[in-house]
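In this text, residue positions in the sequence shown follow this note's numbering: the first is 32, and each later residue adds one.
C-beta atoms are modelled at their ideal positions from N, C-alpha and C, and glycine is treated no differently.
Only a predicted model underlies this, so the values are computations on that prediction, with no experimental measurement involved.
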Amino acid sequence: MMRKYKAIQEGDRWTIGEYDESYQGFITNDGICNYYFWDSKEEAEAAAEAYNTYEGEEWLGQHGFGNDRISEEDEAYESYSEEMIELYRLFKAVD
């Protein structure tokens with residue numbers, strides 16, 4: 032399933048959201064939209080593009096509130112794919 036996330040301006044910062052054609056609006060309760068923020072449109076667009084095309088395991092929207100993070104100190108960190116780690120870096124979600 033192809034995601035359709037796009038950059039959305041929220042005040043002086045940017046978030047990303049998936050546009051739902053049938054609803055004709057952005058899905059805001061997915062744990063991503065308005066939970067992760069970037070300082071520029073370019074950063075948000077890069078994160079949206081990476082998230083749209085990423086097909087591996089990740090938990091970015093699972094718990095919501097932008098708190099789905101990974102840490103280099105986690106025992107499982109070594110088992111994460113490089114693609115997943117890069118995705119989390121784009122989301123500023125690596126401690």
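Boundaries of the beta strand (DSSP E) in which residue i is found, first to last residue
i: residue 44; result: 44-51
i: residue 116; result: From DSSP, residue 116 is part of no beta strand (DSSP E) but of the alpha helix (DSSP H) over 113-121.
Nearest-angstrom Cα separation, counted from residue j out to residue i
i: residue 35; j: residue 49; result: 5 Å
i: residue 56; j: residue 64; result: 12 Å
i: residue 51; j: residue 120; result: 26 Å
i: residue 83; j: residue 33; result: 6 Å
i: residue 37; j: residue 105; result: 31 Å
i: residue 40; j: residue 109; result: 35 Å
Bridge-paired residues (DSSP) for residue i
i: residue 41; result: 44
i: residue 36; result: 49
i: residue 57; result: 50
i: residue 63; result: DSSP lists no partner for residue 63.
i: residue 69; result: 45
With 16 other Cβ atoms within 10 Å as the buried cut-off, status of residue i
i: residue 107; result: exposed
i: residue 54; result: exposed
i: residue 99; result: buried
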